[in-house]
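Residue numbers (mature numbering (1 follows the signal peptide of the UniProt record, and there is no 0)): -26 to -1, 1 to 164.
What follows is the structure in structure tokens.
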């Protein structure tokens, strides 16, 4: 089982740039693999990748996600984007709900151990070990990628989207987990 898990994590460095077709799920015993890719568009019902601020996440920009969960190793998630603004920092996190007409539709960040206080700004809960953070900075061509590794797997309660935010994620008390406005959202069936 461990050998298979290691083999499945190797493609995280290259696969997100070559995936094509509709969102897919593949699984070996105990391994959960999710891949999705989509092109950001303005909201309309049934849209799975939405930009709320086209001046910062242009219509036509693309997102690709690969997430692998394995027993004993946790969850590794890779986000790759193209077509964003060049040389710009973006925050990104897994959220509890699917994308919708506004950024708020995606709900709060998914937390493995939920903070009883909302909004969650306590670094004991809002941190990259309890949430999946995928902050990135684009290159001169507007491309960027991020990788998150956490030691847990999704249970019955699962994340349903990744939201791109205005800036990298804060970590200090009272602001932990905040990353500014919600710029765009892509559905991911974790």
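Note that the Cβ used here is the ideal one computed from N, Cα and C, for glycine as well.
Using a 10 Å radius around the Cβ and a threshold of 16 neighbouring Cβ atoms, would you call residue i buried or exposed?
i           : result
residue 157 : buried
residue 127 : buried
residue 149 : exposed
residue 146 : exposed
residue 44  : buried
residue 92  : exposed
residue 65  : buried
residue 89  : buried
residue 12  : buried
residue 161 : buried
residue 129 : exposed
residue 54  : buried
Output the distance between the C-alpha atoms of residue i and residue j, rounded to the nearest integer angstrom.
i           : j           : result
residue 102 : residue 19  : 32 Å
residue 60  : residue 7   : 30 Å
residue 100 : residue 94  : 6 Å
residue 48  : residue 42  : 8 Å
residue 21  : residue 98  : 34 Å
residue 169 : residue 85  : What the structure shows of the chain is the stretch from -26 to 164, and residue 169 is not part of that stretch, so it cannot be assessed.
residue 106 : residue 132 : 12 Å
residue 159 : residue 3   : 30 Å
residue 24  : residue 46  : 34 Å
residue 52  : residue 121 : 5 Å
residue 33  : residue 50  : 28 Å
residue 141 : residue 110 : 9 Å
residue 28  : residue 57  : 11 Å
residue 72  : residue 143 : 21 Å
residue 74  : residue 17  : 7 Å
Checking the sheet assignment: what are the DSSP bridge partners for residue i?
i           : result
residue 149 : DSSP output for residue 149 lists no bridge partner at all.
residue 41  : 8 and 51
residue 159 : 24 and 137
residue 65  : 139
residue 95  : Paired residue(s): none; residue 95 is not in a bridge.
residue 127 : Looking at the DSSP assignment, residue 127 forms no beta bridge with any residue, so it has no partner.
residue 13  : 36
residue 83  : 69
- Query: If you pair each beta-carbon of the stretch 110 to 119 with each one of the stretch 76 to 92, do three or more pairs fall below 8 Å?
  - Reply: no
- Query: Looking at C-beta atoms only, is the number of pairs between the stretch 30 to 46 and the stretch 128 to 139 that lie closer than 8 Å three or more?
  - Reply: yes
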